[in-house]
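K.L.:
Take this structure, written in structure tokens, and hold onto it; I'll ask about it next.
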Amino acid sequence: MKTQKVWFITGASRGFGLEIAKAALAEGDRVVATVRSQPAQLAAILDNHPDLSVVPMDVTQEAQVQAAVQQGITRFGRIDVLVNNAGYGMVTAIEEATDAETRKQYDTNVFGLLNVTRAVLPYLRQQKSGRVINISSLFSYDAVPGWGLYGSTKFAVEGISKGLAIELAPLGIHVTAVAPGLFSTDFLSTDSYVAAKTIINDYQATVGPMRSGADALHGNQPGDPKKFAQVVLQLANTEHPPLHLPVGKDTIAMYQNNAARMAEEIEAWLPVATSTDHDHHIAA
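Numbered as in the working numbering, the sequence shown ends at 792 without a single skipped number.
So this is what it looks like as structure tokens:
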């Protein structure tokens with residue numbers, strides 16, 4: 509018989525977060541779904557399900573995060589699966605983004621994820637069980653003009669996930685960084701990403717197409733978000749989940765192409781890269 513799990517999902521108002529919440533409820537699990545505003549609206553979308561608790565929470569506000577996690581514990585008694593999904597994209601050349609714009613991007617995508625993870629982990633450690641599923645991106649595997657800054661936040665998510673996995677494994681807690689490719693969510697709609705206010709003409713050839721191309725691509729993405737939600741459900745229920753999971757043929761291709769280029773570059777520079785030991789050093 510399947511054991512009922514309690515999920516804590518950030519950014520659940522739409523996109524992946526909403527689909528994961530729907531899938532978990534359909535599976536018979538309980539869900540704490542967090543939104544920045546209008547919790548009643550999300551509750552209505554999810555049919556005011558009896559196993560659902562919608563909690564207002566901004567991941568960048570640590571006190572709100574602590575209170576939301578406590579509210580979830582009070583309602584359901586435990587948390588089994590944390591899904592760090594909240595985040596947004598920014599189209600910009602790296603030079604164009606101001607300090608404030610850059611910090612805001614990191615505050616949500618990186619420091620917000622850390623706020624939620626710190627708030628949930630004491631309960632998972634006490635249980636000696638649980639799953640942390642961090643939503644990364646295909647942009648965490650390679651750089652794309654205009655998305656380099658956003659991608660860097662997802663590189664950070666991958667690195668944080670790797671460190672967490674090593675630290676939490678002895679405590680019975682599994683960590684997976686899931687990197688979706690382009691899915692037909694509203695991530696590429698103008699409501700879900702921002703553009704830096706400054707535009708430098710020298711970047712027109714590289715970043716320019718991305719400024720206009722994101723809207724054009726919206727609605728034509730290959731991935732089905734409902735199928736992605738099923739992948740996340742599988743991760744939560746498998747005994748040995750992977751640490752890194754690229755999802756989507758486009759993500760797989762990006763990972764493979766980047767890995768091949770890196771290997772080729774390292775091989776070409778191997779004599780230089782291995783030339784820096786002291787002359788008297790004796791290899792073991």
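The beta-carbon is built from N, C-alpha and C at its ideal position, and this holds for glycine as well.
Which term fits M565, buried or exposed, when burial requires 16 or more other beta carbons within 10 angstroms of its beta carbon?
P.N.:
Here M565 is buried, its C-beta having at least 16 other C-beta atoms within 10 Å.
K.L.:
In chain order, what residues of the same chain lie with their CB nearer than 8 Å to the CB of V715, ignoring the 5 residues before and after it?
P.N.:
V599, T600, A601, E604, P653 and G654
K.L.:
Scan the region 695-780 and note each continuous alpha helix (DSSP H) run of 4 residues or more that stays entirely inside, going in chain order.
P.N.:
716-725, 733-745 and 757-776
K.L.:
So, at 6 Å on beta carbons, what are the nonlocal neighbours of A793 in its own chain, with the 5 sequence-adjacent residues on each side left out?
P.N.:
Residue 793 cannot be examined here, being either before or after the span of the chain that is shown, 509 to 792.
K.L.:
Nearest to D588 by CA position, among T759, A687 and V514, is which residue?
P.N.:
Ranked by Cα distance from D588, the options T759, A687 and V514 are led by V514.
K.L.:
I need the boundaries of the beta strand (DSSP E) containing T684, first residue and last residue.
P.N.:
I681 to P688
K.L.:
State the start and end residues of the unbroken alpha helix (DSSP H) segment that holds S669.
P.N.:
For S669, the enclosing alpha helix (DSSP H) stretches over residues G656 to L676.
K.L.:
Using CA coordinates, which residue listed in Q712, S720 and N709 is at the minimum distance from Y701?
P.N.:
S720
K.L.:
State buried or exposed for A737, treating a residue as buried only when at least 16 other CB atoms are found within 10 Å of its CB.
P.N.:
buried
K.L.:
Looking at the unbroken beta strand (DSSP E) that takes in L554, where does it start and where does it end?
P.N.:
Note, L554: premise wrong, no beta strand (DSSP E); not H, not E.
K.L.:
Do L690 and D732 have their C-beta atoms closer together than 7 Å?
P.N.:
Going by C-beta atoms, L690 is not nearer than 7 Å to D732.
K.L.:
Count the other CB atoms within 10 Å of the CB of T782; is the residue buried (16 or more) or exposed (fewer)?
P.N.:
exposed
K.L.:
Which of helix, strand or coil does DSSP assign to I641?
P.N.:
Strand.
K.L.:
Going along the chain, which residues of its own chain have a beta-carbon closer than 8 Å to the beta-carbon of I581, five neighbours each way excluded?
P.N.:
I587 and Y631
K.L.:
Thinking C-beta only, is N745 closer than 7 Å to Y649?
P.N.:
no
K.L.:
If the criterion is Cβ atoms closer than 7 Å, does the pair V573 and I643 meet it?
P.N.:
no
K.L.:
Can you check DSSP and say which residues form a bridge with P564?
P.N.:
V543
K.L.:
CB G525 to CB T568, shorter than 7 Å?
P.N.:
no
K.L.:
Among the residues of its own chain, which have a CB less than 7 Å from the CB of F663, if the five just before and after it don't count?
P.N.:
Correct list, in chain order: S648.
K.L.:
Helix or strand or just coil, what does DSSP make of V591?
P.N.:
strand
K.L.:
Check the DSSP bridge columns for V514 and list the partner residues they point to.
P.N.:
Bridge pairing for V514: R538 [DSSP].
K.L.:
For G671 and V640, what's the separation of their Cα atoms in angstroms?
P.N.:
12 Å
K.L.:
Using a Cβ-Cβ cutoff of less than 6 Å, which residues in the same chain neighbour R633 once the five nearest sequence positions on both sides are dropped?
P.N.:
L679
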